[in-house]
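Enquirer: In this text, residue positions in the sequence shown follow the working numbering: the first is 793, and each later residue adds one. The structure is given below, and queries will be raised subsequently.
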Amino acid sequence: MKKFMIFATALGSLLITPPLLAQEQDNKVRAKEIKDGIYVIQGRGGNIGLSVGDDGAFMIDDKFAPMADNIKAKVAEISPGTSIEFVLNTHWHRDHTGGNESFHSDGSVIVSHENVRKRLESGGAINFFNAEVPPANPGALPMITFTKNMSFHMNGQQLDIMMVGSGHAHTDGDSVVFFSPANIVHTGDLYFNGFYPFIDPDNGGSVTGVVEAVDEILSKIDDDTIVIPGHGPLSNKSELTAYRDMLSIVAENISSLKAEGKSVDEIIATKPTADFDEAWGGGFIKPDSWVKLVTPML
């Protein structure tokens, strides 16, 4: 059977589950209004950002395929009669793009960086999870793609969509969305709030690239900015800065150990994440596994 990668939230675990079993998972979603007309929708999979108003709905990511009906119901509850005009994919992983085909069939226009479409079209390996992700169906592919940035003007907001940093961060197709004047940013999976992040080296990811990307996000926000992470609770500039510093220090620790000629196992044995494990080590990737993931990237 085909297997789909399922990213858990900070309180869950990562599973690789056949589609029929995936439908038995908890597909409920909950919504919170951040500012007038702007919401975060949370539940299994990546956090959704949503803008609703007279121009319709603009949605950032769409979780796993079995959750699409519940997401549509939640949007209808928030704003009855509002059509979802656009869905932006922040990257290609199926916990952020799984609903594409369903939303497309309802008339939503799927938008992404060009590399997201390429990854979805081809599928590929994610070796850290021993997963082979199959190519997406044609109806799940983004219809509009961009190379660096683009903007939407909807519901009294300017939504600036950007590839930040070097272009090799969580993957090679990450997008960030800045809302103005609301002063909100959706980071996609450049930010896992409260736990060590998955970075996908098989598909263009790099820990130093994540640091560069987060640096650029930080340069564009202020202390009042509301940060929607890819996973985890709503955040702010101070917490995002702490995440960036953790990544940078751990990467430097590992790089120094590699320069001494230490093997991956020897590096793991030194506990290069020790100072951060209490704050960041309780997620679905434990400290030793995270070091094993990151070390070859440096």
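Glycine residues also receive a C-beta, built at the ideal position from the N, C-alpha and C atoms.
Three or more beta-carbon pairs under 8 angstroms between the segment 832 to 846 and the segment 932 to 950, yes or no?
Expert: yes
Enquirer: Tell me whether residue 1075 is buried or exposed, calling it buried when 16 or more other Cβ atoms sit within 10 Å of its Cβ.
Expert: Translated into the one-based positions of the sequence shown, residue 1075 becomes position 283. That one is buried.
Enquirer: Going by other Cβ atoms of all chains shown within 10 Å of its Cβ, with 16 needed for buried, is residue 866 buried or exposed?
Expert: Taking the first residue of the sequence shown as 1, we reach residue 866 at position 74. Answer is buried; the Cβ neighbour count reaches 16.
Enquirer: Under 8 angstroms, do residue 851 and residue 832 count as touching if we go by C-beta distance?
Expert: On the sequence shown, residue 851 is found 59 positions in, with the first residue counted as 1. On the sequence shown, residue 832 is found 40 positions in, with the first residue counted as 1. It is not a contact, given that the beta carbons lie outside the stated cut-off.
Enquirer: Which whole-angstrom value is the C-beta distance of residue 968 and residue 980, which I expect to be below 8 angstroms?
Expert: For this step, residue 968 is matched to residue 176 along the sequence shown. For this step, residue 980 is matched to residue 188 along the sequence shown. Distance from residue 968 to residue 980 at the Cβ level is roughly 6 angstroms; contact confirmed, criterion being Cβ atoms closer than 8 angstroms.
Enquirer: Hey, out of 1017, 935, 988 and 1006, whose CA is closest to residue 973's CA?
Expert: Stepping through the sequence shown from its first residue, residue 973 is reached at position 181. Selected option, being the one with the closest Cα: 1017.
Enquirer: Expressed to the nearest angstrom, what Euclidean distance is found between the alpha-carbon atoms of residue 1062 and residue 1010?
Expert: The residue labelled residue 1062 in the question sits at position 270 within the sequence shown. The residue labelled residue 1010 in the question sits at position 218 within the sequence shown. Rounded to whole angstroms, residue 1062 to residue 1010 spans 31 angstroms at the Cα level.
Enquirer: Look at residue 1086 and residue 1043 and say whether their C-beta atoms are less than 8 angstroms apart.
Expert: In the sequence shown, counting from the first residue as 1, residue 1086 sits at position 294. In the sequence shown, counting from the first residue as 1, residue 1043 sits at position 251. Yes; because the gap between Cβ atoms is below 8 angstroms, this pair is in contact.
Enquirer: Drop a sphere of 10 angstroms on the beta-carbon of residue 909, count the other beta-carbons inside from all chains shown, and report buried for 16 or more, exposed for fewer.
Expert: What you label residue 909 is simply residue 117 of the sequence shown in a count that begins at 1. Classification of residue 909: buried, given that the 10 Å Cβ count is 16 or more.
Enquirer: Go ahead and pull the three-state DSSP assignment for residue 862.
Expert: Counting from one through the sequence shown, the residue named residue 862 turns up at place 70. In the structure shown, residue 862 sits in a helix (DSSP, three-state: H, G or I).
Enquirer: Can you list, in chain order, the residues of its chain with a C-beta nearer than 6 angstroms to that of residue 1027? Leave out the 5 residues immediately preceding and following it.
Expert: By 1-based counting over the sequence shown, the position of residue 1027 is 235. Only 985, 1019 and 1021 meet the Cβ criterion.
Enquirer: Below 7 angstroms CB to CB, which residues in the same chain sit around residue 1001 once its five sequence neighbours on both sides are set aside?
Expert: Position 209 of the sequence shown, counted from the first residue, corresponds to residue 1001. Cβ neighbours of residue 1001 beyond the five flanking positions: 957, 958, 960 and 961.
Enquirer: What are the boundary residues of the alpha helix (DSSP H) that residue 907 is part of?
Expert: Locating residue 907 in the sequence shown gives position 115, where the first residue counts as 1. Start and end: 906 to 914.
Enquirer: Under the three-state reduction of DSSP, which class applies to residue 1023: helix, strand or coil?
Expert: In the sequence shown, the residue the question calls residue 1023 occupies position 231. The three-state reading of DSSP puts residue 1023 in strand, counting E and B together.
Enquirer: Counting along the chain, where does the alpha helix (DSSP H) carrying residue 940 start and finish?
Expert: Sequence index remark: in the sequence shown, residue 940 carries index 148 (1-based). Where residue 940 is concerned, there is no enclosing alpha helix (DSSP H), given that its DSSP letter is neither H nor E.
Enquirer: DSSP three-state label for residue 1043, please.
Expert: For the purposes of this step, residue 1043 is identified with residue 251 of the sequence shown, where counting begins at 1. It is helical.
Enquirer: Could you give the DSSP three-state label for residue 935: helix, strand or coil?
Expert: Position 143 of the sequence shown holds residue 935. Looking at residue 935 - three-state DSSP - the assignment turns out to be coil, as it is neither helix nor strand.
Enquirer: Exposed or buried, which one is residue 860 when buried takes at least 16 other CB atoms within 10 Å?
Expert: Taking the sequence shown and counting its residues from 1, the one referred to as residue 860 is at position 68. Its Cβ being crowded by 16 or more others within 10 Å, residue 860 is buried.
Enquirer: The alpha helix (DSSP H) that contains residue 1061, what's its start and end?
Expert: As a first step, residue 1061 must be located in the sequence shown, where it is residue number 269. Where residue 1061 is concerned, the enclosing alpha helix (DSSP H) starts and stops at 1056 to 1061.
Enquirer: Considering only the alpha carbon of each residue, which of 887, 896, 955 and 836 lies closest to residue 935?
Expert: Along the sequence shown, read from residue 1 onward, the residue named residue 935 stands at position 143. For residue 935, the nearest C-alpha among the options comes from 896.
Enquirer: Using a Cβ distance threshold of 8 angstroms, determine whether the segment 985 to 994 contacts the segment 896 to 907, with at least three qualifying pairs required.
Expert: no
Enquirer: Can you tell me where the alpha helix (DSSP H) with residue 879 in it begins and where it stops?
Expert: Along the sequence shown, one-based indexing puts residue 879 at 87. Annotation for residue 879: no alpha helix (DSSP H) segment contains it, though the beta strand (DSSP E) segment containing it runs 876 to 881.
Enquirer: Just tell me which of 1072, 836, 1056 and 1015 has its CA closest to the CA of residue 1089.
Expert: Your numbering for residue 1089 matches position 297 in the sequence shown. Of 1072, 836, 1056 and 1015, the residue nearest in Cα terms is 1056.
Enquirer: Considering only residues of the same chain and omitting the five flanking positions on each side of residue 920, which have a CB-CB separation below 6 angstroms?
Expert: Here residue 920 refers to the residue found at position 128 of the sequence shown. Answer for residue 920: 1085, listed in chain order.
Enquirer: With which residues is residue 790 paired in a DSSP beta bridge?
Expert: For the chain, the structure presents residues 793 to 1090; residue 790 sits outside this window and is missing.
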